[in-house]
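**Q**
In my numbering, the protein residues as written are 259 to 598.
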């Protein structure tokens, strides 16, 4: 079967690339085998354009956020599934130092479009410890990543364009004018294998989250005080996330569970019931930038989305598609060969 692109991997990178390519009219085929540790299968999907340590915009936030918002809204409409949720994030200040910093950056022309200091009734009325006040990230959002991947997977399987199995390297064959896996042929093969890749520059990091029930909290916005609290309805919240660069492949740990609960209990003064404990490995990089580009005659890579993958993925996928099909140069900040 002849295609334009074979995609190896169906995490967030592979899924977004598949959608971008199909919107361009490209014929695709995806190979994927679900593996333990795939962060996309358990990701909270939070989009926060502000780096809270210094309260400054994340890398290219002003450029990437409108692209992501337009892309996910369009994808949601095409699927007829509720996936994309613009939702403010309230940062609760642990000390007066964070409050003073927020007030300073509100005067900064780069940060001010994304932040505000305004009343948030759900926080004001909640039984929480917030003596130093809070600020609001007005342009935050979250994507239901597992539901997004599942919906696309079902569609592609129904169309005969998804093969659920591992691919051994010796199965990838290069012909005179194509690349193939079995009887699936294409002009390009793009590796979107996340933390399971051996690409130079990757620095995988494990993250753990909790799904909890907190009756009486009644948050409507996302709230952050050392951990994020994402309201999912019916008193259920996603809590996260930890960062572990050392014990990357050890799965869930009691230590991380207690760390998250400790930070949550220091803020929320209500009984907390743990419903679920999840872990995944993020495909982060040494310089916290994505990895894109052509790696061979018919091969390319899309990786390194890290903890801000939902924000980064649409621009990256579009940029890579323009590189492969229009000859546009890859931005040096994200080019895979910067680690060579």
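No residue lacks a Cβ here, since even glycine has one placed at the ideal position from N, Cα and C.
#1: Skipping 5 residues on each side, what residues in its chain have a beta carbon closer than 6 Å to that of residue 565?
#2: State the DSSP-derived secondary structure class of residue 573, mapped to helix, strand or coil.
#3: My guess is that residue 492 and residue 472 are in contact by the Cβ rule of under 8 Å, so how many angstroms apart are they, rounded?
#4: Do we get a CB-CB distance below 8 Å when we pair residue 464 with the residues of chain B?
#5: Assign residue 420 to buried or exposed, taking buried as 16 or more other Cβ atoms, counted over all protein chains shown, within 10 Å of its Cβ.
#6: Can you give me the C-alpha to C-alpha distance between residue 330 and residue 568, rounded to a whole angstrom?
#7: Would you identify the three-state DSSP class for residue 337, choosing helix, strand or coil?
#8: Tell me, please, which residues DSSP counts as bridged to residue 467.
#9: For residue 262, report the span of its beta strand (DSSP E) as first-last.
#10: In its own chain, which residues sit with a C-beta less than 7 Å from the C-beta of residue 469, not counting the 5 before and 5 after it?
#11: Hey, residue 307 and residue 316: beta-carbon distance below 8 Å or not?
#12: Which ranges does the beta strand (DSSP E) cover as unbroken runs of at least 3 residues, wholly within the stretch 297-370, from first to last along the chain?
#13: Provide the residue span of the alpha helix (DSSP H) that contains residue 415, from first to last.
#14: State yes or no: is the C-beta of residue 465 within less than 8 Å of the C-beta of residue 538?
#15: Since residue 578 sits in a beta bridge, which residues does DSSP pair it with?
#16: If you follow the alpha helix (DSSP H) that residue 509 is in, where does it begin and where does it stop?
#17: Measure the alpha-carbon distance for residue 478 versus residue 351 and round it to whole angstroms.
#18: Tell me which same chain residues have a C-beta within less than 8 Å of the C-beta of residue 341, skipping the five on either side of it?
#19: What's the gap between the Cα of residue 488 and the Cα of residue 260?
#20: Return the chain-ordered list of same chain residues with a C-beta closer than 6 Å to the C-beta of residue 289, the five sequence neighbours on each side being excluded.
#21: Considering just the uninterrupted stretch of the alpha helix (DSSP H) at residue 278, what are its terminal residues?
#22: Evaluate residue 344 with the Cβ neighbour count: other Cβ atoms within 10 Å of its Cβ, from every protein chain shown; 16 or more gives buried, anything less gives exposed.
#23: Exposed or buried, residue 460, counting other C-beta atoms within 10 Å across all chains shown (16 or more means buried)?
#24: My assumption, with CB atoms under 8 Å, is that residue 594 sits in contact with residue 553. Please give the rounded CB distance.
#25: For my contact list, residue 592 and residue 559 are in at a C-beta cut-off of 8 Å; report their separation, rounded to the angstrom.
#26: Exposed or buried, residue 353, counting other C-beta atoms within 10 Å across all chains shown (16 or more means buried)?
**A** Reading from the atomic positions:
#1: 540
#2: helix
#3: Residue 492 to residue 472, Cβ: 11 Å. No contact.
#4: The chain inventory of the structure shown lacks chain B, comprising one protein chain alone.
#5: buried
#6: Residue 330 and residue 568: Cα-Cα distance of roughly 9 Å.
#7: helix
#8: 536
#9: 260-266
#10: 494, 496, 533, 534
#11: yes
#12: 342-344, 347-350
#13: 403-416
#14: yes
#15: None; residue 578 has no bridge partner.
#16: It is not in any alpha helix (DSSP H) - residue 509 carries neither H nor E in the DSSP assignment.
#17: 18 Å
#18: 330, 333, 334, 401, 402, 405, 406, 409
#19: Looking at the two C-alpha atoms, the distance is approximately 43 Å.
#20: 266, 421, 425
#21: 270-281
#22: exposed
#23: buried
#24: Contact holds; Cβ gap of about 6 Å.
#25: So it is not a contact: roughly 11 Å between Cβ atoms.
#26: exposed
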